[in-house]
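Numbering (the working numbering), first residue to last: 88 to 404.
Here the structure is laid out as structure tokens; the discussion comes afterwards.
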């Protein structure tokens with residue numbers, strides 16, 4: 088979730104593996120293999136159940152929520168660690184349980200950067216603001232701690248990990264989550280009964296489990312990310328352009344699975360360029376991002392306004 092897997096692979100075994108370079112955090116996509124604890128953010132200053140709903144039903148559930156506060160972002164600013172170029176400028180966002188939010192904006196507006204900063208990506212350095220997740224200071228957590236706290240992030244282009252099968256990866260991640268929640272770990276045979284229904288839900292072949300992590304085509308990678316989400320569960324799911332590379336049928340399958348994972352206790356934050364995703368996963372709130380800031384927030388009609396009038400119709404300038 089930005090699932091981080093620091094405790095899944097020991098440092099010694101990771102160091103000996105040609106595909107897992109030591110002394111770094113490897114962001115693979117929805118899961119992150121964190122091999123040390125050097126990526127703590129530097130600052131200057133209930134598992135989801137699998138059920139199915141129609142897009143309309145999901146849209147109703149994604150409406151205004153009276154759930155507890157899940158994520159609160161206040162004045163979040165960040166720079167690229169090496170160049171110190173400012174990429175986020177005082178971002179504010181509030182997400183409650185049971186809500187679906189969408190962030191839209193031009194290329195380079197800061198949408199994906201925002202998701203990576205929330206996940207704890209070492210490429211970025213937080214320079215100001217406060218982020219609270221489930222009542223805890225998210226910025227004080229390492230990436231794996233954010234994952235174990237219930238934050239899941241899928242990225243646009245997850246890194247392939249040759250030599251590690253999807254099955255082994257999912258099993259290790261699942262048991263890491265179980266351990267964090269003080270639940271019993273399970274073995275490889277028992278785990279198949281956990282993952283098999285999720286494969287069926289996403290219309291994925293069982294043979295996919297034998298392939299290496301993120302080694303599939305673009306569309307299969309997206310399904311793989313949602314499979315990881317379905318297996319692991321999360322309180323907040325950040326989905327970065329989950330619709331990219333999907334044809335209409337695949338998009339419908341993925342959207343149906345995502346809608347089925349939403350409960351009154353968790354939330355979804357989607358990042359997308361296109362309104363078509365919002366036809367299948369209906370958000371309660373749409374946020375427009377520009378130049379590293381959220382400049383406008385509205386309901387789903389804001390996406391229609393954006394589609395009809397372009398970004399100039401909602402631009403801050």
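Glycine included, every Cβ here is placed at the ideal spot set by N, Cα and C.
Here the structure is a predicted model, which means the values were calculated and not measured.
Residue 212 places its beta carbon 8 Å or farther from that of residue 379. Between the alpha carbons of residue 381 and residue 161 lies a distance of about 11 Å. The straight-line gap separating the alpha-carbon atoms of residue 318 and residue 249 is approximately 21 Å. The beta carbons of residue 368 and residue 346 sit about 6 Å from each other, so the pair counts as a contact at 8 Å. Where residue 191 is concerned, the enclosing beta strand (DSSP E) starts and stops at 187-192. For residue 374, no alpha helix (DSSP H) run applies; the uninterrupted beta strand (DSSP E) run containing it begins and ends at 372-377, by DSSP. Ranked by Cα distance from residue 325, the first of 336, 168, 229, 243 is 243. For residue 247, there is no enclosing beta strand (DSSP E), as DSSP gives it neither H nor E. Between residue 310 and residue 238, the alpha-carbon positions lie close to 19 Å from each other. With a cut-off of 8 Å on Cβ pairs, the region 165-185 is in contact with the region 207-227, counting three or more such pairs. Relative to residue 278, the option among 334, 259, 268 whose CA is nearest is 259. Where residue 396 is concerned, there is no enclosing beta strand (DSSP E), although the alpha helix (DSSP H) around it starts and stops at 388-396. Note: residue 383 is bridge-paired with 375 in the DSSP secondary-structure output.
Under the three-state reduction of DSSP, residue 177 is assigned to strand. Beyond the five residues adjoining it in sequence on each side, residue 339 comes within less than 7 Å, by CB distance, of 367 in the same chain, given in chain order. In this chain, the beta strand (DSSP E) harbouring residue 211 covers 211-220. DSSP places residue 354 in the uninterrupted beta strand (DSSP E) bounded by 354-358. In the three-state DSSP reduction, residue 159 falls in the strand class (E or B). Beta-bridge partners assigned by DSSP to residue 325: 240, 356.
Just measuring C-alpha positions, the residue of 221, 349, 226 sitting nearest residue 208 is 226. One alpha carbon belongs to residue 180, the other to residue 337, and they sit about 30 Å apart. Separation of the CB atoms of residue 349 and residue 187 is rounded to 7 Å, and the pair is thereby assigned contact status at 8 Å.
Residue 236 has its alpha-carbon roughly 15 Å from the corresponding atom of residue 270. When DSSP states are grouped into helix, strand and coil, residue 183 belongs to the strand group. If you ignore the 5 residues before and after residue 257, its C-beta comes within less than 7 Å of the C-beta of 282, 315, 318, all in its own chain and listed in chain order.
When the five nearest sequence neighbours on each side are left out, the beta carbons in the same chain lying within less than 7 Å of the beta carbon of residue 387 are those of 365, 369, 370, 373, in order along the chain. With a beta-carbon spacing of about 6 Å, residue 289 and residue 313 fall inside the 8 Å limit used to define contacts.
In this structure, DSSP gives residue 301 a state outside helix and strand, which the three-state scheme calls coil.
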